[in-house]
Amino acid sequence: MNLVHSKDIYYIFRDVMRCLDPKVMNHGARTSYILYRMLQCMEGKKFEMYEIAEFAFLATLHDLGAYKTNPGEDQLAYETKDFMPHSIYGYLFLLYLTPFKDRAKIILYHHTDYQKVPKQAYEFNDIIHCLNVAEKMDMYSNILGSKFDYMMFQKHAGTRYSDKALGLLYQAEKKYNIFSKLSSGEYKNELAELYEYLIFTDEEKKEFLVGLMYIVGFRSEYTMLDSVTAIQIAESLSDRLMISEDEKEILFYATLLHDAGMCAISKDISEAPRKLTDEEMQTLRTHVEVVESILKGRIDEGVLDTIMAHHERGDGSGYPKRLKSDQMNRLMRILQVADTMTGLTNPRSYRDPKPKEVVINILKEEAEKGKLGKEVVRAATTYYDEIMAGVKQKSDEMLSMYRKLQDSYEATYKQTNQ
Ligand SMILES: [Fe+2]
Ligand SMILES: [Fe+2]
Ligand SMILES: [Fe+2]
């Protein structure tokens, strides 16, 4: 089932990350344009268009780690002085959480001087050197404005910057007028044309989106635990409610992405250790409209409709549209129950997880009031223990992956600082 096009994986990734840190993603998009044009000038058309599109996608994400290591901080500080932490996290995110495993090292060395990049054969060393030049060019053209001169790095050719990469940049500038297109914004249309060439398999698309949710989750364990829990509950429920394989696929994507709009909500609100004010509640509720703005036109309508209904309730008391039960389908009702159970069974900043009896009572009461689907609640309460055992297993796997990533950070840091 083709629920999302390859190019839209890029846009979803970019827009969720942009929502977390617009500066990092705007710099990423501009850098990706410079790299794209440089690679097109490589002799003998070394790469196919889909490969160039993948490198450009990777370049958009080159500072991804900064959002973990230096959230909201001045870009210049982590880009020029203490640059290893964000480079390592970006590398590890890509290595563990995306299909770009073989290219993750490009991110690890994106700030390393040409002379210092390990010389042992790595098939993408050329790309490392090109990305190094491309990202610096964007930084300096932004900082210096009209005083910027793209020849300014020539004096470091062969030491800090690769001669070949600088040569490609000069050629690309002559051929495509990179810097004027960056100033006018014209580069955006050209990038959009490039991303039409992306080709990912269904498995790769899934891995990207799951990875994205993990990356977002790295700002708070709650979010990450919630995604894993909700997916596992929705899956267990759908097994018990005999829904078709196609519907399961729709439900998987919907559950995975249903709270992606939380990227726009500050932690002060999403993790406030107290009751929210009315105004804060209104803000929190906008996460549904945010996810709509990110996904509309980019994902299957069934997936989006399911997502849009995750806070609706059968008696019309939900949001954003106050739908009634006859306007909702089974997938929506499963996600509503999975989301409610996730909220009750996972810890919150303001309270501990609720015990089984309390959760079951709340679910039954909500079903009685016509808020949650009766059939779904019956499955959830009947098979509660099995469902939660599955959740425990998946959460443990996720936490061990999280620890592995943290340990790898320490190890990589030592290795690269030797
Ligand atoms: Fe950068
Ligand atoms: Fe960087
Ligand atoms: Fe939500």
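Quick note on my numbering: the sequence shown kicks off at 6 and runs consecutively. We treat Cβ as the ideally placed atom computed from N, Cα and C, and that holds for glycine. Bear in mind that the values here come from a model prediction, so they are computed numbers and not experimental data.
Cβ-based neighbour list, residue i, same chain, cut-off 7 Å, excluding 5 preceding and 5 following
i	result
Tyr418	Met89, Ile93
Glu140	Thr36, His67, His115
Lys180	Cys46
Ala343	Ala235, Ile238, Ala239, Leu242, Thr260
Leu40	Phe60, Ala61, Ala64, Cys135, Leu136, Ala139
Ile111	Leu63, Phe129, Ile132, Ile133, Leu136
Asp13	Arg303, Ile304
Asp20	Ile299
Asp52	Checking the sequence shown, residue 52 turns out to be Phe, not Asp. Excluding residues within five positions, the ones whose Cβ falls inside 7 Å are Leu44.
Leu173	Met43, Cys46, Met47, Cys135
According to DSSP, residues forming a beta bridge with residue i
i	result
Tyr166	Ala162
Asp320	Lys329
Arg23	None, per the DSSP bridge assignment.
Arg353	Arg356
Straight-line gap, residue i to residue j (C-alpha atoms, nearest Å)
i	j	result
Glu306	Lys152	48 Å
Tyr96	Gly33	15 Å
Glu391	Ser241	9 Å
Tyr468	Glu209	Coverage of the chain is limited to positions 6 through 423, which leaves residue 468 absent and any answer about it impossible.
Glu415	Tyr324	44 Å
Leu214	Phe18	8 Å
Pro360	Lys379	21 Å
Glu56	Leu44	10 Å
Arg108	Leu328	46 Å
Gln287	Ile270	11 Å
Met393	Leu377	19 Å
Thr103	Gln341	28 Å
Ala385	Asn334	17 Å
Ile248	Asn75	44 Å
Asp251	Tyr258	11 Å
Gly319	Thr291	20 Å
Leu309	Val9	11 Å
Gly4	Leu25	The displayed coordinates of the chain run from 6 to 423. Any statement about residue 4 would go beyond what the structure contains.
Leu230	Met156	49 Å
Tyr166	Ser413	28 Å
Glu284	Ile274	10 Å
Met346	Glu362	12 Å
Gln420	Tyr145	29 Å
Asp244	Leu336	12 Å
Leu171	Ser11	31 Å
Arg23	Asn31	7 Å
Asp147	Asp154	According to the sequence displayed, residue 147 carries Asn and not Asp. Approximately 11 Å, taken between the alpha carbons.
Glu276	Tyr175	49 Å
Tyr389	Leu246	14 Å
Gly321	Leu289	19 Å
Neighbourhood of residue i by C-beta, 6 Å cutoff - its chain only, sequence neighbours within 5 removed
i	result
Gly395	Gln237, Ser241
Lys186	Tyr192
Arg42	Ala177, Tyr181, Ile183
Ala71	Val29, Tyr83, His91
Leu410	Leu97, Tyr101
Phe223	Lys73
Tyr202	Met54, Tyr55, Ala58
is_contact[residue i, chain D] using C-beta, thresh 8 Å
i	result
Tyr155	The chain inventory of the structure shown lacks chain D, comprising one protein chain alone.
Own chain residues within Cβ distance below 8 Å of residue i, not counting five before or after
i	result
Leu99	Leu63, Leu66, Leu69, Phe105, Lys106, Arg108, Ala109, Ile112
Val382	Val342, Leu368, Lys369, Glu371, Ala372
Asp143	His32, Arg35, Thr36, Ile39, Leu187
Within the chosen definition, does the region 227-245 reach the region 397-415 through at least 3 CB pairs nearer than 8 Å? yes
Within 6 Å of ligand 1: residues by beta-carbon to any heavy atom: His32, His67, Asp68, Glu84, Glu140
Would you check if the region 159-170 and the region 105-120 touch, i.e. whether three or more CB-CB distances between them fall below 8 Å? yes
Tell me whether the region 367-374 and the region 269-281 touch, counting them as touching only if at least three CB pairs, one residue from each stretch, are closer than 8 Å. no
Three or more C-beta pairs under 8 Å: does that hold for the region 301-316 against the region 193-202? In this structure the region 301-316 does not touch the region 193-202; the number of beta carbon pairs closer than 8 Å is below three.
Is the region 197-211 in contact with the region 354-368, if contact means three or more CB pairs nearer than 8 Å? no
Under 8 Å, with one C-beta from each stretch per pair, do the region 259-267 and the region 285-300 reach the 3-pair mark? yes
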